[in-house]
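Heads up: the structure comes next, in C-alpha cells.
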C-alpha cells in the first residue's frame, strides 16, 4: 500500500495537482486504521491458507528418498495439508478470536521461516555429502520456539515447538522420524523454558548453549554420536566434530535470534523486556534535559517508576515497560517547567494567570510530550502512555478557583460594580484533559501511580494510616470516574495495586513517618471508608468497564 500511495502522489505531482509531499495524518486516524487491520477477519482468513500452501511447498515436495510417501507427492501433500489445517485449528481454538493479525502473522510466518532454515540445512548437508546424523545436530531446531517465546510468550513458544517438530519430521527418513521428533521437541522445550521473561541478550546465548547440550545428550542416547569412537584416533575427528556442531549449533541459533529480534520487534510493533531494559538508560538526552531543567519533575518520574514497577510485578503486568514509560511520561513539562509546582521556587506564575489560561498551559504538557516523543523516535508504547496518563480527568483546583472567581464577580454585579455581560463562563469541559483514557494495564498503573505520587507530597507527618487513606481515596476516585474502564484492570488488580502503592510509599517515606498514637484514633471515625469498603466487597475478577464502574458512583 505504501508503494501504491507513493506512486499516486507522484502522478498527482506530475500533473501539478499535488506538492508530492505526504500529508500528515492524525494519530487517532492512524491508530484507527491500524486497529482495524489488526482485527480484520479477512486478513486472518488470508494468512491461514497462505500458511497451508507454503508449508506444503516447503515440506511436501522434492524431498529425499526414504521419507514418508516420498514416491507419492499427492499423498504427501495431503499429509502436509492436514498438518497445516490442524495447526490452524488448534491455534484458533487455543487463542481467542480477538488475537491481533500481527501476532497471527508472526506465529505462522516464524514457523515457515523455521521450516525453510531446516530445509536449507538438510540441503547443505546432502549436497556436501555429510553424514545424515548431522541433520539432528546442525539444524536450528530451536529457532521458532525461541523467537516466539521471547516475543509472544511461553504459550506461543510451546505451540510452535510442536508444529515445527511435526513438519520437520516429514523431511526425515521414516526410521528417523521418532528420533527427530524427540530431539526437536526437547530442543524447542528447552529454548522456551529458558527464554521466559528474558531481559538480556546474553541470556539467549546461554539458552542456545543449553539447547546444544540437550541435543548432544539425546544424540548420544540415539547413537547418532558414537561415544566409543572418541577413543579411536581415526574416528575421533568425525565424532568430535559432531559434538562441536551440536553445541555450537544451539549457540549460533541464539545469536541469530538475538540479531533478528529488533527486526521482528519493528515489523510487528512488539517490545521485549530486552529492549525495555535497553531503553531504561537514564543517559537518554530527554532524561538528562529533564534532570537539569526540571529536577522536580525528574524526581517525580523516578518515584512513579518505582511505584508502577512494583505494582506491575504484583499483578503480573509488564514491570519493565512500566518503569521505562514512567521515566518519560512527563517530558512535556520541559516546555514550561516553572509552571508545574514541583519545579517552582518562591514565585508561582499561575498567580498572574486566569484559571482557564493556567489550565491550558498545564494540559498542553501532554501534547508537548507526545510531540517530543515522536521527534526523538521513542517507543510507541511510551507515546501511548504519555497521551493517556491523565485520561479525561478534571483539573479541579483550577476549576474550583474559576468558580470562586465567578462567585466574586456575581457579587460585584449585584453591587453594581460590574456588568452581567462581564461574568466569566465556567465550563467543566474546559478544565478536562482531552484523553484518551488508559488502554492497557501498564498505562492504567502509571496513571494511578502518577496521581498518588503527586498527592503524597502534600502529606504532613505521614504515617501508614494517612498513606493508606490517601492511596485508596485517589485510586477509587479514578475508578469510579471511569478512567480505568478501558485499561483491562480488574477490581482484584486494583486492590493489589493500592496495597503495593501503600507499601512502597510507606517504605520510601519511612524517614519522615510519624506513627499514630492514641490521639490518632479519634480521626479514624472521621475517615470516609465507604469507597474502600465498596472496593473490598467487589469480586476480584470484576472488570472495570461500562456499567460495572457506573454502579460504583
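Residue numbers (the UniProt record's numbering): 1 to 553.
Note that the Cβ used here is the ideal one computed from N, Cα and C, for glycine as well.
Here the structure is a predicted model, which is why all the values come from computation and not from measurement.
Starting from the C-beta of residue i, find all residues in its chain whose C-beta is less than 8 angstroms away, skip the five residues before and the five after it, and write them out in chain order.
{"i": "residue 61", "result": "73, 76, 77"}
{"i": "residue 248", "result": "212"}
{"i": "residue 66", "result": "173, 174, 175"}
{"i": "residue 229", "result": "235, 236, 238, 239"}
{"i": "residue 185", "result": "161, 162, 165"}
{"i": "residue 395", "result": "359, 362, 363, 431, 432, 433"}
{"i": "residue 38", "result": "100, 101, 102"}
{"i": "residue 474", "result": "448, 451, 452, 455"}
{"i": "residue 85", "result": "52"}
{"i": "residue 285", "result": "376"}
Helix, strand or coil: how does DSSP classify residue i here?
{"i": "residue 394", "result": "strand"}
{"i": "residue 506", "result": "helix"}
{"i": "residue 140", "result": "coil"}
{"i": "residue 78", "result": "helix"}
{"i": "residue 356", "result": "helix"}
{"i": "residue 438", "result": "coil"}
{"i": "residue 23", "result": "Unreliable placement is indicated for residue 23, whose pLDDT of 40 sits below 50; the coordinate value is still reported in the next sentence. Looking at residue 23 - three-state DSSP - the assignment turns out to be coil, as it is neither helix nor strand."}
{"i": "residue 306", "result": "helix"}
{"i": "residue 555", "result": "The question about residue 555 has no answer, for the chain in this structure spans 1 to 553."}
{"i": "residue 272", "result": "coil"}
{"i": "residue 297", "result": "helix"}
{"i": "residue 253", "result": "helix"}
{"i": "residue 432", "result": "strand"}
{"i": "residue 127", "result": "helix"}
{"i": "residue 121", "result": "helix"}
{"i": "residue 482", "result": "coil"}
{"i": "residue 531", "result": "Only weak support is given to the placement of residue 531: the predicted model assigns it a pLDDT of 38, under 50, and the question is left unresolved by the model."}
{"i": "residue 114", "result": "helix"}
{"i": "residue 317", "result": "coil"}
{"i": "residue 132", "result": "coil"}
{"i": "residue 62", "result": "coil"}
{"i": "residue 424", "result": "coil"}
{"i": "residue 95", "result": "coil"}
{"i": "residue 100", "result": "coil"}
{"i": "residue 40", "result": "coil"}
{"i": "residue 462", "result": "coil"}
{"i": "residue 495", "result": "helix"}
{"i": "residue 291", "result": "helix"}
{"i": "residue 415", "result": "coil"}
{"i": "residue 12", "result": "Reliability of the predicted coordinates at residue 12 is poor, the pLDDT of 44 falling under 50, and the value obtained from them is presented with this limitation in mind. Residue state, collapsed to three classes: helix."}
{"i": "residue 405", "result": "helix"}
{"i": "residue 282", "result": "coil"}
{"i": "residue 472", "result": "helix"}
{"i": "residue 228", "result": "helix"}
{"i": "residue 338", "result": "helix"}
Closer than 6 angstroms by C-beta to residue i: which residues in its own chain qualify, once you throw out the five before and the five after it? Chain order, please.
{"i": "residue 385", "result": "325, 329, 443, 446"}
{"i": "residue 509", "result": "462"}
{"i": "residue 399", "result": "431"}
{"i": "residue 504", "result": "307, 310"}
{"i": "residue 106", "result": "268"}
{"i": "residue 54", "result": "112"}
{"i": "residue 424", "result": "406"}
{"i": "residue 335", "result": "368"}
{"i": "residue 48", "result": "88"}
{"i": "residue 355", "result": "398, 401, 402"}
Beta-carbon within less than 7 angstroms of residue i's beta-carbon, same chain only, minus the 5 sequence neighbours each way: which residues are those?
{"i": "residue 44", "result": "101, 104"}
{"i": "residue 169", "result": "177, 180, 181"}
{"i": "residue 278", "result": "none"}
{"i": "residue 111", "result": "144, 160, 163, 164"}
{"i": "residue 246", "result": "137, 212, 215, 216, 219"}
{"i": "residue 484", "result": "438, 444, 478, 544"}
{"i": "residue 81", "result": "52, 56"}
{"i": "residue 287", "result": "327"}
{"i": "residue 426", "result": "402, 403, 406"}
{"i": "residue 243", "result": "216, 225"}
Just list the residues that DSSP pairs residue i with in beta bridges.
{"i": "residue 173", "result": "67"}
Measure from the C-beta of residue i to each C-beta in chain D and report whether the shortest distance is under 8 angstroms.
{"i": "residue 78", "result": "No chain D is present in this structure, which holds just one protein chain."}
Segment contact flag, the segment 196-208 with the segment 125-141, C-beta cutoff 8 angstroms, min 3 pairs: no
Cβ contact check for the segment 309-316 and the segment 357-365: 3 or more pairs under 8 angstroms: no
Alpha helix (DSSP H) runs contained entirely in the segment 178-222, provided each spans 4 or more residues: 201-221
The segment 478-487 / the segment 339-354 touching (three or more Cβ pairs under 8 angstroms): no
Validate contact between the segment 254-268 and the segment 76-91 using beta carbons, cut 8 angstroms, 3 pairs: no
Contact the segment 293-307 vs the segment 447-459: 3+ CB pairs below 8 angstroms: yes
Inter-stretch contact at 8 angstroms, needing at least 3 Cβ pairs: the segment 119-130 / the segment 183-200: no
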